[in-house]
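J.:
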Amino acid sequence: MEPRLEMYLEAIKLLKDSNIQEEDHVFIPHSSTLVRSFLSEEIQKQKGILPTSLRLVTQGFMSFFRSTPAPPSEPEDKHDPPRTTPKKHRDPSIAQAMNLLRKAGDDYGNDDALWTLANIYFHGHYKAKRDLTQAFDMYAALADRSGNATAQQMVGFMYSTGLGNVVARDEARAILYTTFAAMANNTAAELTMGYKHLHGIGTKKSCEDSVLYYKRVADKTYTKFLNGPPLGRTMPPIKVRLTDKDGGTYGAGASGPGASQSSALTSDINDFIEFHRYLAEAETPQARSAQFQLGILFYTGNAGSTTIPRDYEKAGKYLKKVAESFFTAKVYDQATILEAKKQRPTEAQDAGLAAALLGKMYWRGEGYEVNEATARTWFMKGSILHNPVALNGLGMMYSRGAGGLAVDQAKAEEYDPKMHHEAFKLFEEAAAKGQNFQAIYNLGEMHYYGLGASKSCTHAATYYKYVAERGDWDDPLFTHSYDAYQAGDVEYAAIGYLQAAERGIEVGQSNFAWILDRVALADSALAALGTPSRLLEMALVYWTRSANQGDVDARVKMGDYYFAGIGAEADVTKAHACYKVAADHFSAMAMWNLGWMHENGIGVTKDFHRAKYWYDRSLEMNPKAALPVNLSLFKLNLRYIWNYLTGGETGGGENTGSFWSNHGGKSASPPPNDKLSDEDSSVLDDSESRSQSDQGKNTWDVDEIGKSEIEKWKAQKQVGPDEEGLGGDDRFPQGGDDQGVPDEDDLVEGIVIIGLCMVVGYLMYIRQFRFANNNNQNNQNNQNDNNQRNQNNNPLVDDHPGDPNNPGRFAYYAAGG
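Position 35, counted from 1, in the sequence shown is what UniProt numbering calls 35; the numbers after and before it change by one each time, with no gaps.
(1) Could you check the C-alpha separation between L385 and L338 for me, to the nearest Å?
(2) With DSSP collapsed to three states, give me the class of N387.
(3) Of the choices Q509, F563, L526, whose alpha-carbon is the least far from that of G550?
(4) Inspect the beta-carbon positions of V217 and L198 and report whether they are closer than 7 Å.
(5) For G395 and P285, what's the separation of their Cα atoms in angstroms?
(6) How would you write the range of the alpha helix (DSSP H) that D17 sits in, first residue to last?
(7) Verify whether the separation of the beta carbon atoms of Y159 and D170 is less than 7 Å.
(8) Does the distance from the CB of V519 to the CB of V490 come in under 7 Å?
(9) Could you have a look at N600 and say whether DSSP puts it in helix, strand or coil?
(10) If you drop the 5 nearest sequence neighbours on each side, which residues of the same chain put their C-beta closer than 7 Å to that of M591?
(11) What's the gap between the Cα of D472 and the Cα of H480?
(12) S587 and V629: beta carbons closer than 7 Å?
(13) Between W543 and V331, what straight-line distance do the alpha-carbon atoms span, to the nearest angstrom?
(14) Ends of the alpha helix (DSSP H) at T249?
(15) T605 and G651 look like a contact to me (Cβ under 8 Å); what is the Cβ gap, rounded to whole Å?
(16) Count the other CB atoms, across all protein chains shown, that sit within 10 Å of the CB of S454; report buried if there are 16 or more and exposed otherwise.
(17) For N302, name the three-state secondary structure that DSSP assigns.
(18) Using C-beta distances below 6 Å, list every residue in its chain close to G401, excluding the 5 sequence neighbours before and after it, in chain order.
(19) Using only alpha-carbon positions, find the residue among Q291, Q293, R310 that is nearest to T300.
(20) So who's on the other strand from T458, going by DSSP bridges?
(21) Could you tell me the boundaries of the alpha helix (DSSP H) in which G496 lies?
(22) Taking just the CA atoms, how far does T116 sit from N148?
(23) Need the endpoints of the alpha helix (DSSP H) that P236 sits in, please.
(24) Can you tell me whether W514 is buried or exposed, with buried defined as 16 or more other CB within 10 angstroms of its CB?
(25) Would you kindly report the start and end of the unbroken alpha helix (DSSP H) that includes H125?
(26) Alpha carbon to alpha carbon, how far is W363 from Q96?
(27) If you count every other CB in all the chains shown that lies within 10 Å of the CB of V759, and 16 or more means buried, which is it?
(28) Looking only at C-alpha atoms, which of N371, V240, K13, T573 sits nearest to Y482?
(29) Applying the 10 Å Cβ sphere with the 16-neighbour rule, what's the burial state of residue 828?
(30) Decide if P237 is buried, meaning its Cβ has at least 16 other Cβ atoms within 10 Å, or exposed.
(31) What distance in whole Å lies between the Cβ atoms of E537 and E161, which are believed to be in contact at a cut-off of 8 Å?
(32) Buried or exposed, going by whether 16 or more other CB atoms sit within 10 Å of the CB of F326?
(33) What does DSSP give as the partner residue(s) for T307 in the beta ladder?
(34) What's the gap between the Cα of residue 866 and the Cα of L529?
(35) Does the Cβ-Cβ distance between T458 and C207 come in under 7 Å?
(36) Can you check which of these residues, K381, P3, K127, Y449, is closest to S18 by C-alpha distance?
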């Protein structure tokens, strides 16, 4: 046996025989502050005026006292910083294995040995100390001497990010290495190049180049999907957004409808399951709704911003109850099923999906013994209700001749018409309903080739990107990163999310920026990743990229960073531009910030009319923030009155409406000239954030159903049993037309109170002046009498105990006397 192979195998044996596992890491746990821990556990879950106000005050408090970033400890523009000697592992067997790997890789040219050792240093496997310098050197050696595609991708990643200050950021080299890796079919590199071409990062902006990379990954992903059990593989877990744990970037309820409101803490999920289990025991429409929600939850395992273990047996139990309650002995054929659908449309919709999922479970053996005949029966029932999953399943059975059906391609195309003129419409409907992963891929194909729809590079790239990112069965990057974050290993989590962020995955960009934003930069937990100033710059970069892919709160964060000079030079003009874009996407937080800037003339001309417009809009978007917004409005009203009376600046113009009118309402238009200038717009990396944000609202996956049900449950839980919509068919409660719109009487009442206070103050002043004149006259008339009394040693008798000029006596006039 060759020495290089013998050394490598011996090293691998030592690693496997060690008590230390590959996934074991050494890390410095990150400990949150007491205030933050308290908020994240209880206050963050609550809704209402007081909790929302407390969250806003606390966010401001923590931001105000955030430590100033330390200056860089060493220059960041060095291309070749000094290399350090790696520290020896404390475990003798691991240390011996690492020495063997190094010798086999360096001295004997064993690429596998060098690759294994590079990963140990990069990820900190086997409790080794992470050494990014050693990892980079080994990846670079592999990339240069053997053209290893994964090593090339890693070198490109480190040049692109400058991670750990190992090398200076060099986008040209990053593109070079990543392009070569993508040419060798490295999926991570293909995703990276697709994203960078789509947004013009380090290279020219080209949808045509981008869609080629995304299509290659989407094709591989779709092939893997079909190579699984019938109807494709079960989708991987959702990508957890870390901000959802706290209800959003600024806390639960702080941002209003412009940002994600999901917050699936473990206690919420447990409450959801227990409550709906209780409801599911009955034989009522409410019970059917609970059964459906539990069935979806256990089938997908996706619950809002987190996951639970899939349980197909429980899912089958609840879904069968839903289906059998609709498909009774009297509802058995097409005529009776369609008639029942007219009478009970919501129940029919749930029953259609339940039947489709039961068909999948019987065909794939999920929770039941494989039974193709039973699967066919359920698919047929679901197809009568036009459920896309059932239609697709029945078409696949005809195509394969499964379930006792003869192979019938005509029938197969009828149910799954890939080349039919109606295909585009059906696929689009299936995608919009969030129930067919295949439909997303097929829509991309049709837009790419112009089949049944006009050719559209932008649409094709959007659909391919979704498929490529969603079907990541072979890449546990998000799962490992989330597990590390939950365990307190923020360094490992941050590196994992940074890798995902470079591939253009928006959730990864948001999560990486969130970790940098949350972790105190003086904390040694992230010391290995870069200097504090560099980490702040990176946070701003990835907030920006997340915002450009539709995260509204990330756009507000951009404004905060520019306003405070975090990660960039302070620039209130850029901050205003960011807030304006976020406000256009209905961010209550951004609207309040715009109001404050207009009120104080920071970054814009001082204009109380515009300030009031944005305060009113903020309250409209997020009525639960009534306390802080009304306080801001109260202060603004006082300032307006004072400036108006004293001739100060109030803003407004001839086209501006009355200051006292309510500017809320969905049809309200912004005040004159309150639009982004060309200069302001230039600070935004892309003009596509609006369209991408709108596209992000689509729920394209059956997994999203479970997530939405959790969110609805948590919204219901806040309002009490009488408002939960448990009667009739109110599973999805909706408010009235004016729900959430502040009452105009509130503003009128505030103005009246201010006016009364001014009138009372004026009357008090007049009365005080009158009493002063009367007292002066009486004192003059009684001067002789007082002198006589003093001479006779008589006690003083004051006829006016409320003399305002005598501060030592009680002012009866102030009490109405």
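Here a beta-carbon is modelled for each residue, glycine too, at the ideal position from N, C-alpha and C.
T.: So, from the data block:
(1) Cα to Cα, the separation comes out at about 7 Å.
(2) Three-state result, N387: coil.
(3) Each of Q509, F563, L526 was checked against the Cα of G550, and the nearest Cα belongs to Q509.
(4) No, they are not a contact pair.
(5) Each residue's alpha carbon lies about 32 Å from the other.
(6) Run containing D17: 3-17, per the alpha helix (DSSP H) assignment.
(7) For the 7 Å CB-CB criterion, Y159 and D170 form a contact.
(8) One thing to note: V519 has its Cβ within 7 Å of the Cβ of V490.
(9) Of the three classes helix, strand and coil, the one that applies to N600 here is helix, per DSSP.
(10) Within the same chain, Cβ atoms closer than 7 Å to the Cβ of M591 are found at A583, W614, R617, S618, M621, the five residues on either side in sequence being excluded.
(11) If you take the alpha carbons of D472 and H480, they lie about 13 Å apart.
(12) It is not a contact, given that the beta carbons lie outside the stated cut-off.
(13) Put simply, the backbone Cα of W543 is about 53 Å away from that of V331.
(14) Where T249 is concerned, there is no enclosing alpha helix (DSSP H), given that its DSSP letter is neither H nor E.
(15) Between G651 and T605 the Cβ distance is about 7 Å, and since that is below 8 Å, they are a contact.
(16) With fewer than 16 Cβ atoms within 10 Å of its Cβ, S454 is classed as exposed.
(17) N302 falls in the strand class under three-state DSSP.
(18) Once the five neighbours on either side are set aside, the close Cβ partners of G401 are V407.
(19) Nearest to T300 by C-alpha distance, out of Q291, Q293, R310, is R310.
(20) DSSP output for T458 lists no bridge partner at all.
(21) It spans 490-502 - the alpha helix (DSSP H) in which G496 sits, taken as one unbroken run.
(22) Computed Cα separation, rounded: 13 Å.
(23) No alpha helix (DSSP H) holds P236; DSSP gives it neither H nor E.
(24) So W514 counts as buried.
(25) Counting along the chain, H125 falls outside any alpha helix (DSSP H), and DSSP gives it neither H nor E.
(26) Computed Cα separation, rounded: 51 Å.
(27) With fewer than 16 Cβ atoms within 10 Å of its Cβ, V759 is classed as exposed.
(28) Checked all of N371, V240, K13, T573; the closest Cα to Y482 is V240.
(29) This structure cannot speak to residue 828, because the chain is shown only from 1 to 817.
(30) A residue is called buried when at least 16 other Cβ atoms come within 10 angstroms of its Cβ; P237 meets this threshold and is buried.
(31) The residue asked about is misnamed: residue 161 is Thr in this sequence, not Glu. About 11 Å separates the two Cβ atoms, so there is no contact after all.
(32) Counting Cβ neighbours within 10 Å, F326 comes out buried, since at least 16 surround it.
(33) According to DSSP, T307 bridges with N302.
(34) In the structure as shown, the chain begins at 1 and stops at 817. Residue 866 is therefore absent and cannot be evaluated.
(35) Yes, the pair counts as a contact, with Cβ atoms nearer than the cut-off.
(36) The option with the nearest alpha carbon to S18 is K127.
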